[in-house]
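Undergrad: Residues -30 to -1, 1 to 602 (mature numbering (1 follows the signal peptide of the UniProt record, and there is no 0)) make up the sequence shown, in order.
We put the beta carbon where it would ideally sit given N, CA and C, even for glycine.
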Amino acid sequence: MAFGAFSFSTRGLTLTWVLLAPLLARHSSSNSHESIHRLSNFWTPTENQIKGADKSEDVHTTLVRAGFLRQTHSGIFHLLPLGFRVQQKLESLIDDHMEQIGASKVSMSTISSEKLWKASGRLTGKDSELFRFKDRKDAKLLLSPTHEEEITSLVANSVHSYRDLPLRLYQVTRKYRDEARPRQGLLRGREFLMKDLYTFDSTVEDAIKTYDRVRAAYHSFFTDLRIPFLTAAADSGSMGGSLSHEYHLPSPTGEDHIITCDGCGKTMNEEVAIIDMPSSAVHIPVNEVETDIYTCVTKDRKTLIRVLYPRYTLDGTAARLNTLNTYAVRAALPDLDLDLSSADPDSLHQGTAQILLHDARLVVPALPSSPFVPVRATIDSHPIYLTALQPGDICPTCLSGKLSIVPAIEVGHTFHLGDRYSAPLQLRVKSAADELVNVQMGCHGIGVSRLVAAIAAVKADEKGLQWPARVAPFSVVVIPGKGNEGAAEEVARVIQGYLRREGRGGDVVIDDREKPVGWKFKDADLIGYPVVVVVGRTYTADGGEVEVQCRQLGVKETLPSDTIPRSPAHSRRLSHSGPSSSPHRTRFLKPQACATRSTAARSSSLTQRSHKGNPLAHVTRTIWSLDVVTAM
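1) Are there three or more Cβ pairs, one per stretch, closer than 8 angstroms when the stretch 334 to 350 is compared with the stretch 379 to 392?
2) For R290, count neighbouring C-beta atoms within 10 Å of its own C-beta (all shown protein chains included) and say buried if the count is 16 or more, exposed if not.
3) Using C-beta distances below 6 angstroms, list every residue in its chain close to L274, excluding the 5 sequence neighbours before and after it, in chain order.
4) Over what stretch of residues does the beta strand (DSSP E) that includes D205 continue unbroken?
5) List the residues that DSSP assigns as beta-bridge partners of G412.
6) Could you name the residues of the same chain whose beta carbon sits closer than 6 angstroms to that of C368, not counting the 5 residues immediately before and after it, in chain order?
7) Can you check which of these residues, K104, G53, K107, L111, is closest to T80 by C-alpha distance?
8) Who are the near neighbours of H7 in its chain, counting only those whose CB is closer than 8 angstroms to its CB and skipping five residues on each side?
9) Go ahead and label T94 buried or exposed: buried means 16 or more other beta carbons lie within 10 angstroms of its beta carbon, across all protein chains shown.
10) CB-CB under 7 angstroms to Y282, same chain, minus the five flanking residues each way: which ones, in chain order?
11) Taking only three categories from DSSP, how would you classify T32?
12) If we call anything under 9 angstroms between Cβ atoms a contact, is M68 one with K179?
13) So what's L200 in DSSP terms, helix, strand or just coil?
14) Would you mind stating whether R507 and N454 have Cβ atoms separated by less than 9 angstroms?
15) Looking at L52 and F38, is the spacing between their C-beta atoms short of 9 angstroms?
16) Based on DSSP bridge pairs, tell me the residues matched to H48.
17) Which term fits S249, buried or exposed, when burial requires 16 or more other beta carbons within 10 angstroms of its beta carbon?
18) Restricting to runs no shorter than 4 residues, where is the alpha helix (DSSP H) found entirely within the stretch 101 to 147?
19) Which partner residues does N239 have in the DSSP bridge list?
20) Closer than 6 angstroms by C-beta to L469: which residues in its own chain qualify, once you throw out the five before and the five after it? Chain order, please.
21) Return the CA-CA distance between T32 and I497, expressed in angstroms with no decimal places.
22) Identify whether V256 lies in helix, strand or coil by the three-state DSSP scheme.
23) Would you report the Cα separation of R276 and P353, rounded to the nearest angstrom?
24) DSSP puts I354 in a beta bridge; with which residues?
25) Contact between the stretch 355 to 368 and the stretch 187 to 204: three or more CB pairs below 8 angstroms?
26) Using the Cβ count rule (16 or more neighbours within 10 Å means buried), how would you classify R160?
27) Since I believe K433 is in contact with D495 (beta carbons under 8 angstroms), could you give me their beta-carbon distance rounded to a whole number of angstroms?
28) With respect to the beta strand (DSSP E) encompassing H328, which residues constitute its N-terminal and C-terminal limits?
29) What's the C-alpha gap between P394 and E118?
30) To which residues of the same chain is P361 closer than 7 angstroms at the C-beta, ignoring the five residues directly before and after it?
31) Kindly confirm or deny that the stretch 401 to 408 and the stretch 235 to 247 touch, where touching means at least three C-beta pairs closer than 8 angstroms.
32) So L278 and L213 are supposed to be a Cβ contact under 8 angstroms. How far apart are they, rounded?
33) Are there 16 or more other CB atoms within 10 angstroms of the CB of P222, so buried, or fewer, so exposed?
34) Starting from the C-beta of I254, find all residues in its chain whose C-beta is less than 7 angstroms away, skip the five residues before and the five after it, and write them out in chain order.
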């Protein structure tokens, strides 16, 4: 399965050097002025004592209990400080990757003109999901669910020559969609935060090169999150264009279904998983097989359609019940209204035309007594199946591999738009041949607020959330035992300074609230900090122990302070001294055998490198991959 992922085992690793190697470097001047966050100064309205909360609760409920957000209206939410920190870190990571491909950041108005949307052909009827309104002068406006029209109009007024291209502009802004059924919290809301990147090139060839660069940037972005993801070929839908890919996080709660082949590696959204009928396929008279019928009507209500498809598989294997591929039906007859929530199609039919659309394998003769005209399902004259692919089916691409279907949450999409918007909105430039040509565009989105909920859904367990270190609200929480508040601040300051010196960019928070230690442990699990450091009674200025916990690695270590370098100079000496005889250090640098060959190879490679270079750097890299996953 084509997961963007890493592949090495972390079971049994010790966290000693990552957080505690610098713990006794108490005299470093670089630490004396570090700003340390305190939960007593931070609003965290968690509800970790609610009875009945268990692993079966949905992630939206967990995010609410953990103090990340609150719902204010149907499909509309307020982000609280913890949730806002996660969102800010995602935005910062996005900024890094957009900068690497030469994109400039803009901030566009949420309000758009109906006139522009009418010119592009996307202004639909009364049942659309657009929030539409008028100002006091009766100008027709809308709240933008996306900004293709506005960005095209903006660039058309400023760019006139191929020498002005390529151009890459992006924004992170609020979008609005009047969802009929908001659900799953941030995953399907009416207000949401999106990253939009718009690209402009003078030729198709340059636009495809840009598209490939953006895809690479997306791959790098999702890889940096340290979570499994899938990239799937997709349908462009109402956005237009002929080339698009979706980016998904596999999750049982996902509403999309991604189809992958274990042979050729083909990965696609179910929307494009339409099977062309091979020339060797057998044509079967309709009266020789059991069939099912699906009824629908065209959008103008003038044509009634009955869709006929085989009830069971026709490949000679054990009979399996087929399901209708509604995407194939829509591809064969694009004007259909397939909204399953609409009234009975027969009652909506206002004309006389009636069509019997049938699966290409079926032979359906015209019957003089029937008002329905048989139409074979085709796309661009190629006959197609109207049944959906199922797990275990033979791959229609390589004809040898078997298919698996993974539920997933879509969190990003890349589109090559061509001149879908530049042509109607007159975005043209003078080419090198001194001819006016339509600019080739691309649109590339990441659902930032949706990604907050998707990561939470993928990583949560029965105790609470588990954030990747890169986007966690805080990387490390330090919990002091009773009477050890001063020592906890000292520990937090040293950890913070060390992370900064190592360039890790992590942040540390002290839980100094007036709550029992047991309550704080439960709260830390619910919030999902990557690392918990407990400064208990056994920690003193002269020595003692500190406990380090990492739920994602399944590690809880009580560590003697005498295994920790006492100064930056001591740390530097250790980095050149080769392998240590410390039992904690040795256990960390020799991970246990891994479940897969690739995992074992990665662990072996890391161990070898750690003996050759800086062991502190090695373990820091390892711990910052807290949530590494095995590639599938």
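TA: Per the coordinate set shown:
1) no
2) exposed
3) V267, H319, Q324
4) From DSSP, D205 is part of no beta strand (DSSP E); its letter is neither H nor E.
5) T169, H386
6) G233, C234
7) L111
8) F444, D477, V478, V479, I480
9) exposed
10) E260, A289, R290, L291, N292
11) helix
12) no
13) strand
14) yes
15) yes
16) R40
17) exposed
18) 118 to 126
19) I228
20) G476
21) 9 angstroms
22) helix
23) 18 angstroms
24) D246
25) no
26) buried
27) 4 angstroms
28) 323 to 328
29) 12 angstroms
30) L373, S374, I375
31) no
32) 32 angstroms between Cβ atoms; not a contact.
33) exposed
34) L284, R331, L332, V333
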